[in-house]
Structures are given as structure tokens and as C-alpha cells.
Amino acid sequence: MIREFFNYTFIQNAFISAFLASIVCGIIGTIIVEKHLVSMSGGIAHASFGGIGLGYLLGIEPIIGGLIFSVLSSLSISNIKRKTNTNADTLIGIFWSVGMALGILFISLTPGYTPDMTSYLFGDILTVSTLHIKFMLVLSIIIVFFIVGIFHYWKLYMFDEEFAKVLGINVLTLERLLFILISLSIVILIKVVGIILIIALLTIPPAIAKLFTYDLKKIMIISSLVGVLFSVSGLIISCQFDIPSGATIILLSALGYFAVTIANKLLKKQIF
Amino acid sequence: MYDIEIKDLSVYYDSVSALQNVSLNISDKEFLGLIGPNGGGKTTFLKVLIGLLEPTTGTITINADSPIGYVPQFIFFDRKFPISVMDVVLMGKLPNKTKWFQSYSNKDKQCAERVMDQLGILDFKDRQIGQLSGGQLQKVLIARALVTEPKILILDEPTASLDSKTKKEIYEMLKKLNKQKTIIIASHDMGDIFSYIDSAAYINKTLSYYKNDTKSSDEILCKMQGYPYMKSGDKDDKRVF
Ligand SMILES: Nc1ncnc2c1ncn2[C@@H]1O[C@H](COP(=O)(O)OP(=O)(O)OP(=O)(O)O)[C@@H](O)[C@H]1O
Ligand SMILES: [Mg+2]
Chain D
68 MIREFFNYTF IQNAFISAFL ASIVCGIIGT IIVEKHLVSM SGGIAHASFG
118 GIGLGYLLGI EPIIGGLIFS VLSSLSISNI KRKTNTNADT LIGIFWSVGM
168 ALGILFISLT PGYTPDMTSY LFGDILTVST LHIKFMLVLS IIIVFFIVGI
218 FHYWKLYMFD EEFAKVLGIN VLTLERLLFI LISLSIVILI KVVGIILIIA
268 LLTIPPAIAK LFTYDLKKIM IISSLVGVLF SVSGLIISCQ FDIPSGATII
318 LLSALGYFAV TIANKLLKKQ IF
Chain F
28 MYDIEIKDLS VYYDSVSALQ NVSLNISDKE FLGLIGPNGG GKTTFLKVLI
78 GLLEPTTGTI TINADSPIGY VPQFIFFDRK FPISVMDVVL MGKLPNKTKW
128 FQSYSNKDKQ CAERVMDQLG ILDFKDRQIG QLSGGQLQKV LIARALVTEP
178 KILILDEPTA SLDSKTKKEI YEMLKKLNKQ KTIIIASHDM GDIFSYIDSA
228 AYINKTLSYY KNDTKSSDEI LCKMQGYPYM KSGDKDDKRV F
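Protein chains in written order, with this note's numbering: chain D, 68 to 339; chain F, 28 to 268.
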């Protein structure tokens, strides 16, 4: 029966995208948490909604619109912050809501039926198309290539920007590249868990991984594995009970986090 | 030929003036001590030399091929960051021209271990960076600056959190390194550094430069009236010179 189940293309696609999303989450999520870019990522995610709306209005693929908006907004936040000394938090807040507002406006202007946006807001992994999978695969490869390729530079940049500058390393280029990579990851994740739920998927796996190691590379690997575990089992559960996949994955992750944290505390108490 | 040539340097933070019309030439293998009150501009001066700050006016010429080694006064990094002591020290070995898919060579690792051994922190090499005392962390930063194999080494109050025995060890080590390197050190430990430095610069917005001989050290001491750190070192200085 399970075999038949997997014969459906949309089920295969769902599992492939859950897998890819988890790898990306493990790597980028770890960086976001360690570089304190969690709210920044939330802002980028919500800003992308403006692009999705614009996609509908102009009749292009909404995800492409989302990609453009998230890349532009992340680079703008970093530029404006540097040029005007405005607090990054303030700017993130502005981009966050303006992105959502634009999205809603564009969709209301779209002629004909008002499209259903819940799959972008809360994710719908069962509607991921084969084209979308290819798109996700390309983005994932780009992300992994850039992170693995200059891993030591990322580590230095994340840990101590000032020292990176002293060594003559171009910190600004690294920052821009990272913001682009975060934007790409967010676009990958939108279909899986949705704009509103993305942050949990980016932050929970690294939080769990950090309980077991303080090696950055291992945190990324463990986070990816934890992500695969939660998203695949969340997907199975949601199919079984016919409940929304994105929400199931997030709730399962949160449950997992609390369980592991408590278990970890209890174990430590026993040892000492 | 001078290692560092500074001409008419002024630095402002927005409208706050931190340095005014500073000119100074620093020779090859000079051991220069920077002294002056809190807020006098020592850190600002060192940061412009390294290139972390842009001069508002004036020029700085650095005649060295390798990057400058730098030990900062304050750390801004997150001490909970998942990184080991060894990895922090090894960072000094990263080339500034990006090399793809590169790992640290055994030679790099041996160099890092040698420097850590000299500083007495080799035992902690696998610890997470937050699991060190303030003084141990300070030594890690010194080690990281040294593995860059700099021609010019700049230290901003590197001994502020070290005990007196360790302080002396560090100064002795710097004196040895001074045979090949130009060293600039900012310090409030006047009494301690005077026996090691070739010259002193007193910085309080402006800079006054003194060769380290008996007469001028007295002159500096005069300038430092009311400067609390002086009192302890006062007698020692007179004996040393
Ligand atoms: N980021 C900054 N923004 C504005 N003003 C600053 C900044 N950093 C330093 N200043 C000002 O510049 C002046 C010089 O500061 P600096 O840190 O260079 O002094 P310092 O000699 O290193 O002092 P300390 O002995 O306390 O380390 C001070 O008046 C200080 O208030
Ligand atoms: Mg200072």
C-alpha cells in the first residue's frame, strides 16, 4: 500500500522537497541563529509576499516574484542600515509589513478570481510541482556550494567581523552573499511550510543540534538530519490524518525541541 | 625607510574630535608604547593604522606586505559561538584572497600549536571559546594575532586582564618578537612597559613622542600627573632607567 502511495508524483515531490528544505534549513538556519539574523530572515520572508502578489498581478510565476522581492529587500536592509545608521530592527519591521501590504494590494488588483494565498502563507507541500522541484534543487545546490566552498571564511565572518577586516577579507561581499543565500533558502521553504511558519523551521533544528555539540559544522549536519526527521514524519502524519502539512511539521519540530531539551536536562541531572 | 608614516592625521566621530593633527614616523623594529588617559584616543589611533577606521583628514602609509597583527582591547564576538580555541587561533591563517574548498594545512596547525604552547594555552585548544577565563581568552587573541606572522604587531591593552606573572611573560615574549617585528602597544601599565619600549607616545587628542631615555621618561611622568596608574610604577621607573 505504501508502495502505491509513493507512486503518486505529488507524493514523491512532497518528500523530495521536504528533504531539500531540511538540508537548506540545517545549513542556513544554523548561520541565521549564530549570526543573530532571525528577525532579519523573518522580515525577508514576509517581504517576499509582495513579490508573490506582484507575480499574480503580472501573470508570472509567483515564486520568481517572491525570489526577486526577498533578494532586493535583504540587500536594501543591509545598505540602508550602513548608509543611514538606522537600527536594523526598525528597517526589518518596515520591510516586513510593507512587503505584506504590497502583496495584499497586488492580489486585490489582480483581475478575475482572487487567488487563494494560504498555500504561500502556511505552505502546502502536496502541491509542489516537478518544475518547482527542479527549481528547488538548483537553489539548494547553489546554497550548499557557496557555504561549503568557503566554509572557513563564513566561520570567521560569523564569529568576528572585525578580525576578518583586519585580515583584509571583504566582509561586505560576504554579507551580501549571505543575504542572497538566505533569500534563496526562504524561497525554497515557502512552498513547504509557508511564509509565516518559516522561522520555526530555520531555528528549531539548530537549537536541538546545539545541545549536542559546539562544532559549527556538526551543528549544520545534525540540524539537517533533525530537519529531515521532522519534515518527513510530519508529512506522513499530515497525510495520515488529513491535516495541514506545514503546521504539522512545525508543531512536531517544536514538540521535538521541548522533548529533547527536557530529556537533556534530566540526563545531566542524573550524571552529576 | 619607516614602517609607518602618519601625516597630519585627524579623526572625528561625527562631530566628536578624537585625534587632531597627529604626525609620527614609526621605524622598522621599533617598540612603541602608547600611553594616555581614558578617552585620549589610543584605540582610535590604532584602529586607523589597521584600517578599521578611515582618517577624517591626513594620510597613513604602511610599508609592509603582510597584514598587521592586531589584538583588540575589547571583544565584540559572542562568547557562546560554537567554535573551539584552536579554530579561533587558526583563523589567523586564512588568506585574504579567497581560496575555494580549502582547509588548514598541517603546517598551519603546527604553527598555531607552537604559538599556543608558547603562551601556555595549548591545553585548552579543544575547548569552546566561552569556557575560558578572561586572561586565557586574552592569550588566545594574542596567539591569533601572532599566527598571522605579521611584520607589524599592534596590541591594544593586551595585558589588562592578566596577572603580574603572565604580564611579565607576555612582555618578555614581545621583546623577543621585537627582534623581527615592529610592535605598538597601548597600555595603562606604565611602570611595567617602560623597561621594554624604545619610545613612548603620549596621546590625548594630540600626540607627543618621546625616545625612551631617562630624561624624557621623567618628562612623560610629568605629563602624567594625576594619572592614577602612574603611582605604582613610579619608583620602578626611576630604577630601571
Ligand atoms: N564609536 C565611537 N563613537 C563616538 N565617539 C567615540 C567612539 N569611539 C571612541 N569615541 C570617542 O573618541 C575619543 C577617543 O576614544 P578612544 O577609544 O580612542 O580612547 P582610548 O585612549 O583608547 O581610551 P581607553 O584608555 O579608555 O581605552 C573619546 O573621546 C571617545 O569618547
Ligand atoms: Mg582604548
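All residues carry an ideal CB built from backbone N, CA and C; glycine is no exception.
Three Cβ pairs or more, each shorter than 8 Å: is that satisfied between the segment 251–259 of chain D and the segment 127–137 of chain D? yes
Which residue spans inside the segment 125–168 of chain D form an unbroken alpha helix (DSSP H) run of at least 4? 129–151
DSSP state of T125 (chain F), grouped into three classes? coil
Assess contact between the segment 170–182 of chain D and the segment 116–133 of chain D, defined as three or more Cβ pairs (one per stretch) separated by less than 8 Å. Is contact present? yes
DSSP three-state assignment for E81 (chain F), whether helix, strand or coil: coil
Pop quiz: I247 (chain D) and H113 (chain D) are said to be a contact at Cβ under 8 Å. What is the actual Cβ separation, rounded to whole angstroms? At roughly 17 Å, the Cβ-Cβ gap does not stay under 8 Å, so I247 (chain D) and H113 (chain D) are not in contact.
Can you tell me whether Q207 (chain F) is helix, strand or coil according to DSSP? coil
Give every residue of the same chain whose Cβ lies closer than 6 Å to the Cβ of Q155 (chain F), excluding the five residues on either side of it in the sequence, and list them in chain order. none
Is any heavy atom in ligand 1 found nearer than 6 Å to the beta carbon of I65 (chain F)? In the sequence as displayed, the identity of residue 65 (chain F) is Asn instead of Ile. Yes, Cβ of N65 (chain F) sits closer than 6 Å to a heavy atom of ligand 1.
For a minimum of 4 consecutive residues, which ranges assigned as the alpha helix (DSSP H) are wholly contained in the segment 243–312 of chain D? 265–276, 283–308
Buried or exposed (CB count within 10 angstroms, at least 16 for buried), I322 (chain D): It is worth fixing the name first, because residue 322 (chain D) is Leu in this sequence and not Ile. The residue is exposed, with fewer than 16 neighbouring Cβ atoms inside 10 Å.
Show which residues of chain D have a CB atom less than 8 Å away from the CB atom of Q155 (chain F). Y281
Hey, quick one: how far does the beta strand (DSSP E) through S44 (chain F) stretch, first residue to last? 43–54
Would DSSP call K34 (chain F) helix, strand or coil? strand
Counterpart residues of A228 (chain F) in DSSP-defined beta bridges: F:L61, F:Y236
Take every Cβ of the segment 102–121 of chain F, pair it with every Cβ of the segment 167–182 of chain F, and state whether three or more of those distances are shorter than 8 Å. yes
Cα separation between I210 (chain D) and I95 (chain D)? 8 Å
At a Cβ threshold of 7 Å, is N123 (chain F) touching chain D? yes
Is the segment 135–149 of chain F touching the segment 204–218 of chain F, taking contact as three or more C-beta pairs under 8 Å? no
From the DSSP output, in three-state form, read off S111 (chain F) for me. strand
Provide the residue span of the alpha helix (DSSP H) that contains Y97 (chain F), from first to last. Segment 96–98 is the beta strand (DSSP E) holding Y97 (chain F); no alpha helix (DSSP H) there.
So, using beta-carbon positions, are G96 (chain F) and P177 (chain F) closer together than 7 Å? yes
What in chain D is Cβ-close to L79 (chain F), meaning under 9 Å? E229, K232, V233
Check whether chain F comes within 7 Å of L223 (chain D), counting only Cβ atoms and requiring the distance to be less than that. yes
Going along chain D, which residues have a C-beta under 9 Å from M118 (chain F)? H219, K222, L223, F226, D227, F230, A231, L234
List the whole-angstrom C-beta distance separating V195 (chain D) from A81 (chain D), where the pair is believed to meet the contact cut-off of C-beta under 8 Å. 6 Å
At least one CB of chain F closer than 7 Å to the CB of G170 (chain D): is that the case? no
As a quick exercise: from F:I224, F:I77, F:F151, F:K107, pick the residue whose alpha carbon is nearest that of K277 (chain D). F:K107
Within 6 Å: the Cβ of K284 (chain D) and any heavy atom of ligand 2? no
Any non-hydrogen atom of ligand 2 closer than 6 Å to K69 (chain F) Cβ: yes
Start and end of the beta strand (DSSP E) containing D183 (chain F)? 179–183
Just to confirm, does Q100 (chain F) get its C-beta within under 6 Å of one of the non-hydrogen atoms of ligand 3? Inclusion of ligand 3 in the displayed structure is not the case, the ligand content consisting of ligand 1 and ligand 2 alone.
Establish whether the CB of Y97 (chain F) and some CB of chain D are separated by less than 7 Å. yes
Just verifying my parser: in three-state terms, what is the DSSP assignment at I217 (chain D)? coil
Using a Cβ cut-off of 7 Å, which residues of the segment 100–118 of chain D contact any Cβ in chain F, in chain order? E101
List the residues of chain D whose Cβ lies closer than 8 Å to the Cβ of F104 (chain F), in chain order. F226, D227
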